[in-house]
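> Residue numbers (full-length UniProt numbering): 1 to 145.
Even glycine gets a Cβ: it sits at the ideal position worked out from N, Cα and C.
Below is the structure I would like to discuss, written out as structure tokens.
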């Protein structure tokens, strides 16, 4: 996460649904040349199979194992959602205020998920990301991860 491109950071987004949020993350990865458009659908499918909500107000949208052929290069985007987007269901709300859209060549996605999960296990780190006013604040915060 040390070399996060500021073009892959989006501040102050709002989404009507978790699917809209996942598709937005996927489109950022497409625009960066990390994946082709079929990967975006695989990201939505992944969440239907197993929620990409990780707790501590974060979600990590990523594709299914079957979508590996659609990954061109490893990449990550960070999307700040101040009002949150609900990744829960009728029984339980699961609000995410920071989204990490990822794609990884080989097993890179596992390493990315592990690094993000470890960093975000400290809710203070999530608050720092959620409250950041500039992209530089986010890159500075993640540089220590």
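How big is the Cα-Cα spacing for residue 49 and residue 19?
The residue given as residue 49 occupies position 49 in the chain shown. The residue given as residue 19 occupies position 19 in the chain shown. The straight-line gap separating the alpha-carbon atoms of residue 49 and residue 19 is approximately 13 Å.
> Classify residue 73: buried if its beta carbon has 16 or more other beta carbons within 10 angstroms, exposed otherwise.
As a first step, residue 73 is located in the chain shown; it is residue number 73 there, counting from the start. It is exposed - the Cβ of residue 73 has fewer than 16 other Cβ atoms within 10 Å.
> Is residue 126 closer than 7 Å to residue 58 when the C-beta atoms are compared?
For the purposes of this step, residue 58 is taken as the residue at position 58 of the chain shown. For the purposes of this step, residue 126 is taken as the residue at position 126 of the chain shown. A contact, by the Cβ cut-off of 7 Å.
> As a quick exercise: from 46, 97, 93, 71, pick the residue whose alpha carbon is nearest that of residue 11.
Residue mapping note: residue 11 aligns to position 11 of the chain shown, counting from 1. When C-alpha distances from residue 11 are compared across 46, 97, 93, 71, the shortest belongs to 97.
> Which full runs of the beta strand (DSSP E) of 3+ residues lie inside the UniProt domain "PTS EIIA type-2" (2-145), going along the chain?
53-55, 75-86, 95-103
> Measure how close the beta-carbons of residue 71 and residue 39 come, nearest whole angstrom, since I'm counting them as under 8 Å.
Within the chain shown, the letter at position 71 stands for residue 71. Within the chain shown, the letter at position 39 stands for residue 39. That pair is a contact at about 6 Å.
> Pull up the distance between the alpha-carbon of residue 93 and that of residue 85, whole angstroms please.
Taking the chain shown and counting its residues from 1, one reaches residue 93 at position 93. Taking the chain shown and counting its residues from 1, one reaches residue 85 at position 85. Note on geometry: alpha-carbon atoms of residue 93 and residue 85 lie some 9 Å from one another.
> Could you check the C-alpha separation between residue 113 and residue 17 for me, to the nearest Å?
Working through the chain shown from its first residue, we reach residue 113 at position 113. Working through the chain shown from its first residue, we reach residue 17 at position 17. Computed Cα separation, rounded: 22 Å.
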